[in-house]
Structures are given as C-alpha cells and as structure tokens.
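Undergrad:
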Ligand SMILES: Nc1ncnc2c1ncn2[C@@H]1O[C@H](COP(=O)(O)OP(=O)(O)OP(=O)(O)O)[C@@H](O)[C@H]1O
Ligand SMILES: [Mg+2]
C-alpha cells in the first residue's frame, strides 16, 4: 500500500546543460535531509530558457525517474527554477495607511501589494516581491514591522518579473510530466539560499552562479536582495571556444576542459602537453600545450567577468558587498576561477557549495547543485511558514502529497547503492 508523507518536498532545476531533481525533507533539527537526486542531460534550452517544450519535458522525465528511483518517492509537485535574459529586477516601494493601532499581517500583505503596483506590461508577470526594509512614519530600517505602532507603513522591495510566455513554458513542460508546479523561483535566489552564510547575507555579498549558458548575478546586503542581473554566457561558451580553437570534438572539448582546463595560464607548466580528441573521430588525437588550453579558457572567463563587472558597476550596489564574491554553479569549478575573480573584482572570492544539508548530502556536494538544493530549502521554508503541512497550502484545500511506493528497505538500499556507485564512477 502506498505510504504518504506531507513533509517530503521536491525541487527541480531546469538548467541549460542538465535537469536536476532533488527530493528531501526538513528534519525536526532544522536540517534539510536529502533523500535522493536525479539528473539528466538537458535538451531544448538555450541561455537558460526553454525553446522546445517536448525536448525539455523528455529531459525532465528522465531526471524525475532517476530521482524517484533513488528516493523511493513518487513526485507529484515541485518547486522549479527560472532564469534567462527575460528576467528583470527593479527596486520599488509601497506606502499604506496602517489600519488600527499596530501593523497586522493584513497590513504587511497590503503594503507589498501596493509596492507591486508598478506599470508592468501585460506580457510580463511578477515572480517575487522581496522586502528590503520597512519604514513606519519616519522610523527607517525596520526589518519586521509586525505588531509595531504607527500610522503609515512604507516597504522598500526588489521586484523580479519575467516574460509570461517563458513562465508558462516551464509550467507546460512540467505538466507534460504530470507535475504540479508549487512555485517558480529565481534560480540565483535559490542558489543564494544554498550557499551563503548568514553573515555574508548581512554584511553584503555578490553571488555569481556560473552555469552552462548563463552567469546570474545577485547582490545581497542587510539580508535583502538589492540587485539581480545576468550575463548570457557560461561554461558552454568556453567549451565551444575549445572546439573552434583547438579543433576538438565537442565531447573531447568538454572532457579536456574539466580535466585540464585552467583560467590562469600562470598556474600551468609551460612544457606540459595534453591530448586533444579530434572533431573527426577517425583522426588520431593531436597534442597541444596545456598553456594554450589555459589561454583559451582564460580569455573566455575574463570576458564573462568583465561583463559581470560592467553590470555590478551599473547596479549602484557594488560598494555594499563588503563580504566579497561567492562563485557557484558548475562553471565555477574550473581551476583558477577563484583567483581570477579576486584579481578582476579586487575583492575576496570563494567557491560556494550547498551547505547545511544532511541525509544523502554527498549526492549534491557540488556547486552545480546549488540551485536545486536552494530550491528545496526555499520550498521547505515556504511550507514551514504555511504550517508545515502541504495539505493546508493553497485555496481549494486540495490534498497534495508525495507518495512512497513503499518498496522493501532492502530493495531501496540496493537501488541507492547502485545509484551511489554510478555517481562515484561519474565523478572519477
Ligand atoms: N570541474 C569542472 N571544471 C570546469 N567546468 C565544469 C566543471 N564541472 C562542470 N563544469 C561546467 O559547468 C557547466 C554546467 O554548470 P551547471 O550545471 O551549473 O549549469 P546549468 O544549471 O545546467 O546551466 P544554466 O544555469 O546556465 O542554465 C558546464 O558548462 C560544464 O562544462
Ligand atoms: Mg544553473
């Protein structure tokens, strides 16, 4: 008989290079327990956006099957990420008169609603209204005004909007796989949830999520999002450069980038040679100096960083990021990335891995899983705020649960070990 568990949640990152699904549960200790992860190569996306729903749905189904297999749970609803050049973030504010003697939940909802009353064209939709700070009468910098006395409440917010059609494409691809979308969440915001420490969020930090097709930027200070931006360039562009410049096959270029790539040519020995698989498979591989590969990788990474720098300078919030830069996403793993970032941005940098997770945490211990883990954490927080029970969630009172097929423990362990073994082989 199928078991049900309302505390189980699932998240999905539909990235340019891979779709990842993670199943987890928030433990009573407040630690997010990972129960399983499934990934599949992504098809039908370009620069973070769906361009072919059928192909994307196929990738989603593959990742979903893997996650269900490993966790033993049937997934019916997901928190899903969104990114791409259509996303915009603006700062705005809303003002309302406080009804009664002190600020109530209703007042909080009204002031955010009033901040949302921007002139948004019909083809765009609001994805997030993120509070920055509140003011009651002339008292500024209030982080939580609930219960406070006053007559006028102002909210400063960061509003994220996206193209309605792009949001609908995500929903449609999920529906094709029988999935209900709980919420669409900005991918860089999710990554921030997974990798940043409370002190970084407070002191000010720049988060750069470097994926395959895009590099997403977020500035967080005083625990609030100040700026969101994007550069339509990532690790795939570097792979394409290697294909063109070194006459490598695509698979070969990806392989040598991961094995031997470096974005600081000073970090490689001048005499070191590497084998480059040819575009035409019947040709024997040729040898090139590793420093030539490093030069190709470095020039692309420098281009990405200088475009990010332009974004940061134009944002007006760069000076607030006294905590430095946190780089995450798969492309941040290339050797020398942290050092080059420190050099170009002139501030300390680190590589951000998903933190504060338990259970099968080894499965997601990689910057390429920051988004999907952050989506899971975001989802867990939303459900805790709603009362820790998905049944109470939304209008209509529909019951939405994760069902476990209830396999024998030995079967589940067997499946898990097979998946773990495959994963160990993949990372070798
Ligand atoms: N060890 C590594 N060294 C260099 N690059 C790597 C490494 N591991 C992964 N990458 C690169 O990271 C990129 C994929 O990162 P990620 O999985 O975060 O992207 P994505 O989420 O699918 O894409 P996007 O966020 O742009 O939509 C690929 O270009 C891949 O080559
Ligand atoms: Mg990504």
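Residue numbers (my numbering): 4 to 431.
Glycine is no exception: its CB is placed at the ideal position from the N, C-alpha and C atoms.
1) Tell me the DSSP secondary structure of residue 143 in three-state form.
2) Secondary structure at residue 367, three-state DSSP: helix, strand or coil?
3) Buried or exposed: residue 260, going by 16 or more other Cβ atoms within 10 Å of its Cβ?
4) Any heavy atom of ligand 1 closer than 6 Å to the CB of residue 388?
5) In angstroms, rounded to a whole number, what distance separates the CA positions of residue 289 and residue 296?
6) Whole angstroms is fine: what's the gap from residue 361's alpha carbon to residue 39's?
7) Any heavy atom of ligand 2 closer than 6 Å to the Cβ of residue 231?
8) Does DSSP classify residue 58 as helix, strand or coil?
9) Select from 339, 359, 15 the residue whose C-alpha is nearest the C-alpha of residue 174.
10) At a threshold of 6 Å, does residue 334 count as lining ligand 1 (C-beta to nearest heavy atom)?
11) For residue 26, which beta-bridge partners are listed by DSSP?
12) Tell me which same chain residues have a C-beta within less than 6 Å of the C-beta of residue 267, skipping the five on either side of it?
13) Would you say the beta carbon of residue 364 comes nearer than 6 Å to a heavy atom of ligand 1?
14) What is the rounded straight-line gap between the Cα of residue 242 and the Cα of residue 200?
15) With distance defined between alpha-carbon atoms, name the residue in 41, 57, 90, 95 nearest to residue 75.
16) For the alpha helix (DSSP H) that residue 255 lies in, which residues bound it at each end?
17) If you follow the beta strand (DSSP E) that residue 1 is part of, which residue opens it and which one closes it?
18) Flag residue 30 as yes when its Cβ comes closer than 6 Å to any non-hydrogen atom of ligand 2, and as no otherwise.
19) Quick one: what does DSSP say residue 374 is sitting in, helix, strand or coil?
20) Can you name the start and end residues of the beta strand (DSSP E) that residue 156 belongs to?
21) What does DSSP give as the partner residues of residue 128 in its beta bridges?
22) Determine the contact status of residue 48 and residue 19, defining contact as a CB-CB distance below 7 Å.
23) If we count the other Cβ atoms within 10 Å of its Cβ and call it buried at 16 or more, is residue 397 buried or exposed?
24) Reducing DSSP to helix, strand and coil, say where residue 187 ends up.
25) State the start and end residues of the unbroken alpha helix (DSSP H) segment that holds residue 222.
26) Report yes or no: do the stretch 318–327 and the stretch 221–230 share at least 3 C-beta pairs separated by less than 8 Å?
27) Report whether the distance from the Cβ of residue 214 to the nearest heavy atom of ligand 2 is below 6 Å.
28) How many Å lie between residue 23 and residue 63 at the Cα?
29) Expressed to the nearest angstrom, what Euclidean distance is found between the alpha-carbon atoms of residue 17 and residue 329?
30) Using a Cβ distance threshold of 8 Å, determine whether the stretch 344–360 contacts the stretch 231–245, with at least three qualifying pairs required.
31) Looking only at its chain, what residues have a beta carbon closer than 7 Å to the beta carbon of residue 264, apart from the 5 residues adjacent to it on each side?
32) Do you know how far the Cα of residue 246 is from the Cα of residue 253?
33) For ligand 2, is there any heavy atom lying closer than 6 Å to the beta carbon of residue 374?
34) Compute the Euclidean distance between the alpha carbons of residue 129 and residue 313, then round it to the nearest angstrom.
35) Taking residue 345 as part of the alpha helix (DSSP H), name the residues at either end of that continuous run.
TA: If we stick to the structure as given:
1) strand
2) helix
3) In summary, residue 260 is buried, with 16 or more beta-carbon neighbours lying within 10 Å of its beta-carbon over all protein chains present.
4) no
5) About 13 Å.
6) The alpha-carbon atoms of residue 361 and residue 39 are separated by roughly 11 Å.
7) no
8) Assignment of residue 58 by DSSP, reduced to helix, strand and coil, places it in the helix class.
9) 15
10) yes
11) Beta-bridge partners of residue 26 (DSSP): 13, 39.
12) 339, 342, 343
13) No, the beta carbon of residue 364 sits no closer than 6 Å to any heavy atom of ligand 1.
14) 32 Å
15) The residue with the shortest Cα to Cα distance from residue 75 is 41.
16) 253–263
17) This structure cannot settle anything about residue 1, because the visible part of the chain is limited to 4 through 431.
18) no
19) helix
20) 155–166
21) Residue 128 has 165 as its beta-bridge partners, per DSSP.
22) Taking 7 Å as the Cβ cut-off, residue 48 and residue 19 qualify as a contacting pair.
23) Residue placement at residue 397 is flagged as unreliable, the pLDDT there being 37, under the threshold of 50; the coordinate-derived value follows with that caveat. Residue 397 comes out exposed.
24) Three-state DSSP puts residue 187 in a strand.
25) Taken as a continuous stretch (DSSP letters only), residue 222 belongs to no alpha helix (DSSP H), being part of the beta strand (DSSP E) at 218–224.
26) yes
27) yes
28) One C-alpha to the other measures close to 8 Å.
29) 22 Å
30) Because the criterion of three Cβ pairs below 8 Å is not met, the stretch 344–360 and the stretch 231–245 do not touch.
31) 296, 300, 337, 338
32) 6 Å
33) yes
34) 26 Å
35) Here the alpha helix (DSSP H) through residue 345 covers 340–348.
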